[in-house]
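The structure appears right after this line, and notes come after that.
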Amino acid sequence: MTITHPAYEQLRQVTPSAAVVLADNPSGMTLQGTNTWLLRAPGATEYVLVDPGPKDRKHTEALVRATGGEIVLTLITHEHADHTGGIDHLVKATGTPVRAKGSEFLRGSGTVLADSEVIEAAGLRITVLATPGHTGDSHSFVVDGPDGERVLLTGDTVLGSGTTVLESSDGALADYLDSLNRLVAVAPGRTLLPAHGPDHPDAEPVIRFYIAHREERLNQVRAALEKLGPKAKSLQIVAEVYADVDKRLWPAAHSSVKAQLAYLRSRG
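Right, here's the structure in full:
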């Protein structure tokens, strides 16, 4: 029987070199749950793991089962607890080194990730891309495998469904638009492997949708400012632009709106 998304705590092979184990932590913010990606070229004996997931022993145990504990390296896409909470359980079980942008997440021989560096591991070539916007430390991974296999892991920068919440910092939207442009440049011919939601066989149209969506939201915020006045508060904008969205998600929308207002006001 073919396993399809969502399949909790089961190993699901997506491409010859990429498999996923979905954490059982669904919510309005995590969609069906957090994807932990396991990367290994056919014939390789060890894995590179991306995002250990939440602090949940059942999820860690599922990862250990899936890999036999043979994890040569763990990479972190960004700081949020549903991606990093399981680090110490995984390290205790497997001894894997952990690399991330934030030094607080490093373990063992792991060092801080550097933008554009190339990692050779598990029979794969992994290029690190800094893609801030969702968080300041967000990174994506461009993976090239044998026989021309090409995948793109985007963390929470691009999801498998829906759209991404931005940090509320002043430069978040400018950073995010730059990140989307970096990703769309490397996307052609690559399978999209997001941290939440289903994978997609073609990353490019998904990322182009994200770019178009951001432009649409900016236009909606501009229209709201014209209606409410240039000094309108961010919560007023949320109520205007996100009127058709479940109010339980308004706190997340508020973060994105604050980033959009800062972007527009910085440009006069």
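Quick note: the sequence shown uses full-length UniProt numbering, first residue 1, plus one each step. Using N, Cα and C, we set each Cβ at its ideal position, and we do this for glycine too.
May I ask you to report which of helix, strand or coil DSSP gives Ile119? The count along the sequence shown starts at 1 and reaches residue 119 at position 119. Ile119: strand per DSSP, three-state reduction.
Every unbroken beta strand (DSSP E) within the region 58-92, with a cutoff of 3 residues, ordered by chain: 71-75
Starting from the Cα of Ala223, find the closest Cα among Phe209, Ala239, Ile211 and give me that residue. Here residue 223 refers to the residue found at position 223 of the sequence shown. Nearest C-alpha to Ala223: Ala239.
Status (buried if at least 16 other CB within 10 Å, exposed otherwise) for Glu226: In the sequence shown, the residue the question calls residue 226 occupies position 226. The residue in question, Glu226, is exposed, as its Cβ has fewer than 16 Cβ neighbours within 10 Å.
State the beta-bridge partners of Tyr47 as determined by DSSP. Here residue 47 refers to the residue found at position 47 when the sequence shown is read from its first residue. Answer is Ile71, bridged to Tyr47.
Using only alpha-carbon positions, find the residue among Asp147, Lys92, Pro52, Val143 that is nearest to Leu153. Within the sequence shown, the letter at position 153 stands for residue 153. The candidate whose alpha carbon is nearest that of Leu153 is Val143.
Own chain partners of Asp170 with C-beta closer than 6 Å, once the 5 adjacent residues on each side are dropped: Working through the sequence shown from its first residue, we reach residue 170 at position 170. For Asp170, where only same-chain residues beyond five positions count, the Cβ hits under 6 Å are Ala262.
What residue range is occupied by the uninterrupted alpha helix (DSSP H) comprising Phe105? Start at 1 with the first residue of the sequence shown, and residue 105 comes out as number 105. It is not in any alpha helix (DSSP H) - Phe105 carries neither H nor E in the DSSP assignment.
Could you spell out where the beta strand (DSSP E) holding Ala130 opens and where it closes? The residue given as residue 130 occupies position 130 in the sequence shown. Counting along the chain, the unbroken beta strand (DSSP E) around Ala130 starts and ends at 124-130.
Using a threshold of 8 Å, state whether the C-beta atoms of Ala122 and Ala62 are closer than that. Against the sequence shown, residue 122 aligns to sequence position 122. Against the sequence shown, residue 62 aligns to sequence position 62. No, the pair does not count as a contact, with Cβ atoms beyond the cut-off.
Just curious, the alpha helix (DSSP H) that Ala259 is in, first and last residue? Counted from its first residue, the sequence shown places residue 259 at position 259. Ala259 -> alpha helix (DSSP H) spans 250-266.
Proximity to Arg150 [Cα-Cα], best of Arg12, Gly108, Ala18: On the sequence shown, position 150 is the one that residue 150 refers to. The option with the nearest alpha carbon to Arg150 is Ala18.
Anticipated Cβ contact below 8 Å, Leu106 with Asp115, distance rounded: Reading the sequence shown from its first residue, position 106 is the one you call residue 106. Reading the sequence shown from its first residue, position 115 is the one you call residue 115. Rounded, the Cβ-Cβ distance is 17 Å, inconsistent with contact.
For Ser109, which residues in the same chain have their Cβ closer than 8 Å to its Cβ, ignoring the five residues on either side in sequence? To locate residue 109, count along the sequence shown from 1; it is residue 109. Pro97.
Among the residues of its own chain, which have a CB less than 8 Å from the CB of Val184, if the five just before and after it don't count? Start at 1 with the first residue of the sequence shown, and residue 184 comes out as number 184. Closer than 8 Å at the Cβ level, and outside the excluded window around Val184, lie Glu204, Ile207, Arg208, Ile211.
Assigned secondary structure, Tyr242 (DSSP; H/G/I helix, E/B strand, else coil): To locate residue 242, count along the sequence shown from 1; it is residue 242. Three-state result, Tyr242: coil.
Where do the N-terminal and C-terminal ends of the alpha helix (DSSP H) with Glu213 fall, by residue? Taking the sequence shown and counting its residues from 1, the one referred to as residue 213 is at position 213. Note on identity: in this sequence residue 213 is His, with Glu being the wrong assignment. Run containing His213: 203-228, per the alpha helix (DSSP H) assignment.
From Pro194 to Ser255, what distance separates their C-alpha atoms? By 1-based counting over the sequence shown, the position of residue 194 is 194. By 1-based counting over the sequence shown, the position of residue 255 is 255. Pro194 and Ser255: Cα-Cα distance of roughly 21 Å.
Might you give, ordered along the chain, the residues of its own chain that have their beta carbon closer than 7 Å to the beta carbon of Ala174, omitting 5 neighbours on each side? Reading the sequence shown from its first residue, position 174 is the one you call residue 174. Around Ala174: Tyr263.
Round the Cβ separation of Ala66 and Leu38 to the nearest angstrom and send it over; I've been treating them as touching at under 8 Å. Counting from 1 along the sequence shown, the entry for residue 66 is found at position 66. Counting from 1 along the sequence shown, the entry for residue 38 is found at position 38. Confirmed, Cβ separation roughly 6 Å.
By DSSP's criteria, Pro194 is part of a beta bridge. Which residues make up the other side? Counted from its first residue, the sequence shown places residue 194 at position 194. Beta-bridge pairing links Pro194 to Gly155.
Residue closest to Ser179, alpha-carbon to alpha-carbon, out of Pro198, Glu120, Thr135, Asn219: To locate residue 179, count along the sequence shown from 1; it is residue 179. For Ser179, the nearest C-alpha among the options comes from Thr135.
Cβ-Cβ distance between Ala100 and Ile126 below 8 Å: As a working note, residue 100 is residue 100 in the sequence shown. As a working note, residue 126 is residue 126 in the sequence shown. No, the Cβ-Cβ distance between Ala100 and Ile126 is not below 8 Å.
According to DSSP, Thr15 sits in a beta bridge with which residue or residues? Residue numbering aside, residue 15 sits at position 15 when the sequence shown is read from its first letter. Paired residue(s): Ala18.
Close Cβ partners of Thr30 (< 6 Å) along its chain, the five nearest in sequence each way excluded: One-based indexing of the sequence shown puts residue 30 at position 30. Excluding residues within five positions, the ones whose Cβ falls inside 6 Å are Asp82, His196.
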